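Structure first, then comments.
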Amino acid sequence: MSFDLSVWALEDGATPEDVRAAVDGCRQGRHVDRYPDPRVVAFYRAITASYPDRHPGPDSPWAVAPLHAAHDHVELNLHPTCADQVLLDIERLAGAHGLMLFDPQDGSVYPPPTRVTN
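Residue numbering for the sequence shown follows numbering that gives the first Met the number 0, starting at 0 and increasing by one per position.
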């Protein structure tokens, strides 16, 4: 069993209902053939730089690898025992790239955390 999350690149002003509708469409096989959103690409590159999904090692947080990446989202299937730091990194990177987080375990949607400026 895995703990799953996905990050979504939707238009500014997207609501949790918009995210859930996009998730539903994906689950039903409705996908738009278009170029990947640059936010999704940047997130994928950043998270896999820290936690590789190609030929992952024994301490990998990924229960399923490689990660599923589409033009507007990345699905993250995590081992339930993965370090809390992995979840913190996912949240931080989602916020840095303006992505919404979807938790399929309970249907929660989390907007990107507010960026902290120094």
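Where a beta carbon is used, it is the ideal one built from N, C-alpha and C, also for glycine. All figures in this text were calculated on a predicted structure; none of them were measured in a lab.
For residue 68 and residue 36, believed in contact at Cβ under 8 Å, the rounded distance: That belief does not hold up - the Cβ atoms of residue 36 and residue 68 are roughly 10 Å apart, past 8 Å.
Tell me which same chain residues have a C-beta within less than 6 Å of the C-beta of residue 2, skipping the five on either side of it? 77 and 79
List in chain order: all unbroken beta strand (DSSP E) runs of 3+ residues lying wholly within the segment 55 to 108. 72 to 77 and 99 to 102
Helix, strand or coil at residue 36 [DSSP, three-state]: coil
Contact defined as beta carbons within less than 8 Å: I believe residue 42 pairs with residue 6. What is the distance between those atoms, to the nearest angstrom? 6 Å
What residue range is occupied by the uninterrupted beta strand (DSSP E) comprising residue 18? Counting along the chain, residue 18 falls outside any beta strand (DSSP E), though it belongs to the alpha helix (DSSP H) covering 15 to 26.
Mapping DSSP to helix, strand and coil, what is residue 49? helix
What does a CB cutoff of less than 6 Å around residue 61 pick up in its chain, not counting 5 residues either side in sequence? 52 and 55
Closest to residue 103 by CA distance: which of 14, 74 and 96 is it? 74
Could you give the distance in angstroms between the alpha-carbon of residue 33 and the alpha-carbon of residue 70? 7 Å
Can you check whether the CB of residue 38 is closer than 8 Å to the CB of residue 98? yes
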